[in-house]
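Novice:
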Amino acid sequence: MNLKILLPTEILLDEEVTKVSAEAENGAFTLLPNHIDFVTAIVPGILFFESESESTPEVFIAVDEGILVKCGADVRVSTGRAIRSDDLETLQQTVEEEFSRLDERERITAGAIAKLEASFARGVYEIGGSSGEAS
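When you number the sequence shown by my numbering, it's gap-free, plus one each residue, and the end is 135.
#1: How many Å lie between V17 and S53 at the Cα?
#2: Can you give me the C-alpha to C-alpha distance between E126 and I108, rounded to a whole angstrom?
#3: Can you round the beta-carbon distance between T79 and V63 to whole angstroms, since I take them to be within the 8 Å contact cut?
#4: First and last residue of the beta strand (DSSP E) that includes T40?
#5: Considering Cα atoms alone, identify which of G128, D87, D74 is closest to F60.
#6: For the beta strand (DSSP E) holding R76, just list the boundary residues, first then last.
#7: For K70, count neighbouring Cβ atoms within 10 angstroms of its own Cβ and tell me buried if that reaches 16, exposed if not.
#8: Flag this pair as yes or no: are the beta carbons of L68 and I42 separated by less than 8 Å?
#9: Rounded to a whole number of angstroms, what is the C-alpha to C-alpha distance between I5 and S55?
What follows is the structure, given as structure tokens:
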């Protein structure tokens, strides 16, 4: 099977695999090459696959929620965030560090948006106040 993992800004993975395991809202599942075509919403967790490459036979990917589609020999996963690792133990630490960094960026962005909204509201108020004086 060809597994392709798509993020909003890049293709994280495009690789030949022999097995894919992930988790949907109703539980974990595994796809093999002869599995019927399949579509599901995946939940945040670990997606695991066995690669045809002998150098990294087992690969783990921490994924955010997303959509998985198997059609013929193609398996496509579309998710907002994902982190790849060949070692499950280091994956947890990497995920915590990366998501912490993303959370900090989101806090900074939310603060900047709040400042822009306040500035916009002040500008509208000042325009409204000055037009009221002219009447």
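Don't be surprised by glycine CBs; every beta carbon is placed ideally from N, CA and C. Keep in mind that this is a model prediction, so the values were computed, not measured.
Specialist: Reading off the structure:
#1: 8 Å
#2: Cα to Cα, E126 sits roughly 27 Å from I108.
#3: Confirmed, about 5 Å.
#4: Judged by DSSP secondary structure, T40 falls within the beta strand (DSSP E) whose first and last residues are 38–42.
#5: D87
#6: For R76, the enclosing beta strand (DSSP E) stretches over residues 74–79.
#7: buried
#8: yes
#9: Cα-Cα distance, rounded: 20 Å.
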